[in-house]
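*Asks:* Pasting a structure here, questions to come.
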């Protein structure tokens, strides 16, 4: 677990900042896009959050606007979280400075091929979306799980940056521990609940159900978890570049 304390340089006067927010279901590219501009009292911000199945399906939230929240804060990160996610948050204190995060290169590949390229023998449904209908078993892909992932997962939650929050629904492969641990931050988070099951294609339950927290060893055929899943590298004006933390 890594703990980092960060300070944001608060502007002494109102700034002009780009304003934009959108949800993408794949790579994004904002090059050449004209943004609306807004007046901000405390500085500008931009953020990219992405939640991935680990099997080439993702939901990505892009947000630009005024800096909100505390000027200082602490983030705590665990590099072994599943499902894989990544977030980058950048704050700055000059006019129209929130223009650095413009394409999918701002985040790493969250669906890398396993190395070595071996499989566990388990097959699961994989999908991720912002509506329950996006993630029914009928609309999901059937994927062969990586070697260290021998159970199936299904869950729901929220992706949040500032005052913007969107629901997420997901099915994918998971490790037998069925635990999800990640980064907490005052500015950004992905809050996910879910359950795991043993057996190929077993993750067919409703993704809209309420999931409860249970010990992973208490019920080996249906391992329940409640998880806070985040990955928030943070750039503040004096750091000179985003600090990348990936799961």
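Residue numbers (full-length UniProt numbering): 1 to 247. Glycine included, C-beta positions come from ideal geometry on N, C-alpha and C.
Reducing DSSP to helix, strand and coil, say where residue 47 ends up.
*Replies:* Looking at residue 47 - three-state DSSP - the assignment turns out to be strand.
*Asks:* Do you know whose CA, among 204, 107, 121 and 43, lies nearest residue 60's CA?
*Replies:* Taking only the C-alpha atoms, the option nearest residue 60 is 107.
*Asks:* Give every residue of the same chain whose Cβ lies closer than 7 Å to the Cβ of residue 118, excluding the five residues on either side of it in the sequence, and list them in chain order.
*Replies:* 147, listed in sequence order.
*Asks:* Taking buried to mean at least 16 other C-beta atoms within 10 Å of its own C-beta, is residue 33 buried or exposed?
*Replies:* Classification for residue 33: exposed.
*Asks:* So, using beta-carbon positions, are residue 35 and residue 18 closer together than 8 Å?
*Replies:* Going by C-beta atoms, residue 35 is nearer than 8 Å to residue 18.
*Asks:* Have a look at 190, 188, 168 and 155 and flag the residue whose alpha-carbon is nearest the alpha-carbon of residue 174.
*Replies:* Checked all of 190, 188, 168 and 155; the closest Cα to residue 174 is 155.
*Asks:* Among 16, 157 and 116, which has the Cα closest to the Cα of residue 130?
*Replies:* With distances taken between Cα atoms, residue 130 lies closest to 157.
*Asks:* For residue 137 versus residue 110, is the C-beta distance shorter than 8 Å?
*Replies:* Taking 8 Å as the Cβ cut-off, residue 137 and residue 110 do not qualify as a contacting pair.
*Asks:* Compute the Euclidean distance between the alpha carbons of residue 29 and residue 195, then round it to the nearest angstrom.
*Replies:* C-alpha separation (whole angstroms): 34 Å.
*Asks:* Which runs of the beta strand (DSSP E) at least 3 residues long sit entirely within the segment 127–190? Give them in chain order.
*Replies:* For the segment 127–190, whole beta strand (DSSP E) runs of length 3 or above, ordered along the chain, are 141–146, 151–161 and 164–174.
*Asks:* Between the alpha carbons of residue 208 and residue 45, how many angstroms are there, rounded?
*Replies:* Taking the straight line joining both Cα atoms gives about 32 Å.
*Asks:* Am I right that residue 143 and residue 55 are in contact with their C-beta atoms under 8 Å? What's the rounded C-beta distance?
*Replies:* Confirmed, about 4 Å.
*Asks:* Considering only the alpha carbon of each residue, which of 65, 39, 38 and 211 lies closest to residue 162?
*Replies:* Closest by alpha carbon: 65.
*Asks:* Just mark residue 211 as buried or exposed, buried being the case when its beta carbon has 16 or more other beta carbons within 10 Å.
*Replies:* By the 10 Å Cβ count, residue 211 comes out buried.
*Asks:* Assuming residue 37 is part of the beta strand (DSSP E), what are its boundary residues?
*Replies:* Looking at the DSSP string, the run of the beta strand (DSSP E) that includes residue 37 is 36–40.
*Asks:* So which of 139, 115 and 114 has the shortest CA-CA distance to residue 126?
*Replies:* Here the closest residue by C-alpha is 139.
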